[in-house]
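Numbering (this note's numbering), first residue to last: 19 to 180.
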């Protein structure tokens with residue numbers, strides 16, 4: 019069987035791209051599922067080459083998605099955050115700014131579709147992982163990521179942070 023014979027080489031190949039053996043294992047599993055689905059529908063001239071191409075594409079897609087998530091989910095630093103510390107309480111101006119931003123965030127969240135808002139709140143306020151969000155909302159893992167990313171982007175725009 020093609021997968022069994024070349025699994026280790028495929029994992030090594032994927033690990034070289036993604037830099038994680040665990041992630042490479044998952045990626046090769048996903049690649050095999052996609053390969054198997056296509057192979058059942060048509061005869062492939064170069065099945066091993068096709069399988070390697072799927073692994074490569076999945077690895078590169080994962081890297082792009084990871085870079086996008088880092089950009090979107092990166093914490094936003096506020097200049098006013100430095101104004102308050104345990105030693106030095108926030109000034110009235112900083113407190114007013116915080117209250118205003120909190121109000122704008124609340125309005126931005128109210129504007130989101132319910133599923134998107136729930137995904138955002140679970141991720142940002144509840145600390146839930148995307149997999150947990152996907153299970154709770156009964157959606158795919160990629161869709162959970164998209165919902166959270168869309169909500170983050172919407173809130174950044176409404177708060178003038180983008």
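Where a beta carbon is used, it is the ideal one built from N, C-alpha and C, also for glycine.
The shortest CA-to-CA distance from residue 79 to any of 168, 45, 22 and 23 is the one to 45. For residue 19, the three-state secondary structure derived from DSSP is coil. With a cut-off of 8 Å on Cβ pairs, the region 70-77 is not in contact with the region 153-169, counting fewer than three such pairs.
The residue among 42, 178, 50 and 24 with its C-alpha nearest the C-alpha of residue 118 is 178. If the five residues before and after residue 165 are omitted, its C-beta is found closer than 6 Å to the C-beta atoms of 134 and 137, all from its own chain and listed in chain order. Secondary structure of residue 110 (DSSP, three-state): helix. With distances taken between CA atoms, residue 172 lies nearest to 125 out of 66, 67 and 125.
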